[in-house]
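Per the UniProt record's numbering, residue 1 is the first one in the sequence shown, and the count goes up by one each step. What follows is one structure encoded as structure tokens, with my remarks underneath.
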Amino acid sequence: MPTTPPDHHSHPAAEYTCPMHPEVRQIGPGTCPKCGMALEPVLPELEEEENPELKDFTRRFWWTLPLTVIVTALAMVGHQLQLFHGTTQNWVELALSSPVVLWAGWPFYVRCARSIVTRNPNMWTLIGLGTAAAYLYSVAATLVPGVFPTTFVQDGRIGVYFEAAAVIISLTLLGQTLELKARSQTSAAIKALLGLAPKTARRINADGSEEDIPLGHVHSGDHLRVRPGEKVPVDGRVLEGESAVDESMLTGEPLPVSKRAGDALIGATLNRHGSLVMEAQKVGSATVLAQIVQMVTQAQRSKAPLQRLADVVAGWFVLVVIAIAMLTFIGWGLWGPQPSWVFGLINAVAVLIIACPCALGLATPMSVMVATGKAAGNGVLFRDAAAIEHLRRIDTLIVDKTGTLTEGHPAFHSVEAAADFEADEVLRLAASLDQGSEHPLAQAIVEEARERELQLSKAQNFESASGIGVRGQVDGRPLLLGNTTLLEEAGVDVEPLREQAEALRGEGASIMYLAVDQRLAGLLAVADPIKATSRQAVERLQADGVTVIMATGDGLTTARAVARQLGIEEVHGEVKPQDKERLAARLQQEGRRVAMAGDGINDAPALARADVGIAMGTGTDVAMNSAQVTLVKGDLLGILRARSLSVATVRNMHQNLTFAFLYNAMGIPLAAGLLYPLTGHLLSPMIAALAMSLSSVSVVGNALRLRNARID
1 MPTTPPDHHS HPAAEYTCPM HPEVRQIGPG TCPKCGMALE PVLPELEEEE
51 NPELKDFTRR FWWTLPLTVI VTALAMVGHQ LQLFHGTTQN WVELALSSPV
101 VLWAGWPFYV RCARSIVTRN PNMWTLIGLG TAAAYLYSVA ATLVPGVFPT
151 TFVQDGRIGV YFEAAAVIIS LTLLGQTLEL KARSQTSAAI KALLGLAPKT
201 ARRINADGSE EDIPLGHVHS GDHLRVRPGE KVPVDGRVLE GESAVDESML
251 TGEPLPVSKR AGDALIGATL NRHGSLVMEA QKVGSATVLA QIVQMVTQAQ
301 RSKAPLQRLA DVVAGWFVLV VIAIAMLTFI GWGLWGPQPS WVFGLINAVA
351 VLIIACPCAL GLATPMSVMV ATGKAAGNGV LFRDAAAIEH LRRIDTLIVD
401 KTGTLTEGHP AFHSVEAAAD FEADEVLRLA ASLDQGSEHP LAQAIVEEAR
451 ERELQLSKAQ NFESASGIGV RGQVDGRPLL LGNTTLLEEA GVDVEPLREQ
501 AEALRGEGAS IMYLAVDQRL AGLLAVADPI KATSRQAVER LQADGVTVIM
551 ATGDGLTTAR AVARQLGIEE VHGEVKPQDK ERLAARLQQE GRRVAMAGDG
601 INDAPALARA DVGIAMGTGT DVAMNSAQVT LVKGDLLGIL RARSLSVATV
651 RNMHQNLTFA FLYNAMGIPL AAGLLYPLTG HLLSPMIAAL AMSLSSVSVV
701 GNALRLRNAR ID
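In structure tokens:
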């Protein structure tokens, strides 16, 4: 499987697979021979047209919905209003429902027939047989009403069930359009990753001239120029220049990384400031970005489909129902009263109608629909039903640090003054010097000074010592602001504040020393603050038996400092995206049920690999598209709310499924006429249709109880 295409234009030879059965693969679009679902591209294109099946189903639904509404209204109140006489209403309902059943429902019958031919009975088999039985029975009642017993005549006509067939077709079309739209979201993460790479690169030719070329034309060994504000086109190393490069997409580290000659560059990272000349080393599918795309794709395809068990049950259920209907027809035809074969046909149709999978089909979707709506009102977005089912079983949670446990951006922590200096003066001088810097640490210092309403001065002779600090003059006094290396190179002793600095580093803060007139004036600490709710969330998760593990691209010292404050024992620092993904895979191999919570592109592979991926709504689109759960407020307490709702929803699903199966267990024998020797009455297909509708209403009503479920 290719990791990334050389260009982003679609082609007919793309490989497609089934989201429910990843082992099914073919060249070009189609439907799955096992479950009948539409296949989707293994690797989506960056720019692709609307799903043709979604477009087709949407058209069929909207064009026939008015007919379904009219025929249903006629069936409900037509005889009461006496709009038609005798069998005329049957002919009107036949004319109205036929386009719905025969045209709008045609794809379902094709899938039903295919499931029978390939011996893979599924829900399409039930939908096809149920609607076909209702429709064909009604057609017979309209065309040849004389063959039916007089007991089935009401208001001068045989009862028909055109509305049942039409409503089932319309509801199924609606469900399919909603499902196809939701499934299209699963490829959004990969599309976002593909979109990170720039479209062009600026190549430096042998004669010194420069030209912009398509990214696909870059070869290993090419010399490329990366200007300020541009993305690094491919993986390579710096040949000339100095700059700060934002690598947060890969490392999760919120601070730009200084780059100079000899340092490695990663494709799709952002060059913040200076101009760089680089040598291309890895291009195409060999780049880090392409490898991330491959990992996300493989992780998504490796997920066990939610409906696998339901498919197995449905397959046996279909066979049992068909067998019962055939036995009913034959049994009544051979041993029933006259006209025995007509009674057999009516009872067989009643079995198929009452066994139509409306209640069974609604049992899970209705619970999911109500649950997702309630979750959204509580700041939790579920992408699919699988996440709701799996979240309650999670026993291990891997969390990223930056943006997940912490705010994700540097904030001023504190200032310590040396002898003969005031803290506010240290802050004022440092902020004055940093006014011309775009570094996030500098911005945090300047913002704090302005909040304290300190009067800043203009800096002169500002100079950046790449990677170690800045220097310049403020109010005519020479200043140095940076790390230990900068001050020691200038001969400034930092020993008086070394103990305070180490204590602050132990809290996860970054330290900058300020020297004035070659004397140590003080230090400033900037940190990525821990979110106010992180500690409570971690404690409650641990109390619920969930093991919390931190995995971050930040340095191990900083990571341990944050973990210590939150009570997290297992910490993995300086990890790359593939390391997080491997950690999740290893834990799964140990038998754990793993959730991953993160907010960055670097978390995408692990989010896709985990049993449940949980993204912060304050993070990147790639993270949210890779995850199955998004916490809109970026608050880990949302995981607790989501878990609580997961428990309530799955319990509700089980109730609905139990009711649906019990309904069929009781309804099918009744429809087959087993009670006829005792009561002398048969179950009319009309009563069967009513019972089918009532069972669906009961399932919906039970699902709606979730709106009042308590989650905290």
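We put the beta carbon where it would ideally sit given N, CA and C, even for glycine. Given the structure is predicted, the values throughout are model-derived calculations rather than measurements.
DSSP-derived helix/strand/coil call for residue i
| i | result |
| --- | --- |
| T17 | strand |
| L674 | coil |
| V594 | strand |
| Q281 | strand |
| L524 | strand |
| H223 | strand |
| T118 | coil |
| V546 | coil |
| residue 717 | Since the first and last residues shown for the chain are 1 and 712, residue 717 lies out of range. |
| I158 | strand |
| L270 | strand |
| Q26 | strand |
| T64 | helix |
| A201 | strand |
| V101 | helix |
| S302 | Confidence at S302 is low in this model, with a pLDDT of 41, below 50, so its placement is unreliable and the value that follows should be read with caution. Three-state result, S302: coil. |
| S698 | helix |
| F661 | helix |
| V562 | helix |
| S209 | coil |
| S258 | strand |
Cβ pair residue i, residue j closer than 8 Å
| i | j | result |
| --- | --- | --- |
| G472 | E463 | yes |
| residue 734 | G344 | For residue 734 there is no data in the structure shown, the boundaries of the chain being 1 and 712. |
| I394 | A595 | yes |
| S97 | A166 | yes |
| T17 | L39 | yes |
| T64 | V92 | no |
| A261 | E240 | yes |
| R651 | I711 | no |
| V526 | S510 | yes |
| I398 | A584 | yes |
| residue 716 | L497 | For the chain, the structure presents residues 1 to 712; residue 716 sits outside this window and is missing. |
Environment of residue i [buried if 16+ CB atoms lie within 10 Å]
| i | result |
| --- | --- |
| N271 | buried |
| T372 | buried |
| M76 | exposed |
| R643 | buried |
| K259 | buried |
| L319 | exposed |
| W332 | buried |
| T4 | Note that T4 scores 35 on pLDDT, short of 50, meaning its location in the model is unreliable; the coordinates nonetheless yield the value given after this. Buried, because 16 or more other Cβ atoms sit within 10 Å of the Cβ of T4. |
| Q176 | buried |
| E422 | exposed |
| R428 | buried |
| S437 | buried |
| L662 | exposed |
| E247 | buried |
| G701 | exposed |
| R609 | buried |
| E448 | buried |
| G469 | buried |
| A206 | exposed |
| V160 | buried |
Nearest to residue i (by Cα), restricted to the options the options
| i | options | result |
| --- | --- | --- |
| E539 | L215, A563, G567 | G567 |
| A286 | T533, P233, K259, R203 | P233 |
| D424 | P410, M326, V399, R450 | R450 |
| V257 | V245, L327, F382 | V245 |
| L645 | S432, A627, N483, F382 | F382 |
| R535 | E499, A665, V562, A201 | V562 |
| G221 | P198, M278, E210, A201 | M278 |
| L674 | Q26, A348, Q281, I70 | A348 |
| L391 | A627, V71, T68, V69 | A627 |
| L276 | A418, A14, R237 | R237 |
| A503 | K580, A532, T557, L480 | T557 |
| E488 | A501, A515, P478, E499 | A515 |
| A73 | G105, F162, L143 | F162 |
Heavy atom of the ligand GDP within 7 Å of residue i beta-carbon
| i | result |
| --- | --- |
| L319 | With respect to the ligand GDP, the structure offers nothing, as it holds no ligand at all. |
- Considering only residues of the region 393 to 475, which uninterrupted alpha helix (DSSP H) runs meet the minimum length of 4 residues and lie entirely inside it, listed in chain order? Within the region 393 to 475, the complete alpha helix (DSSP H) segments of 4 residues or longer fall at 423 to 434, 440 to 451, listed in chain order.
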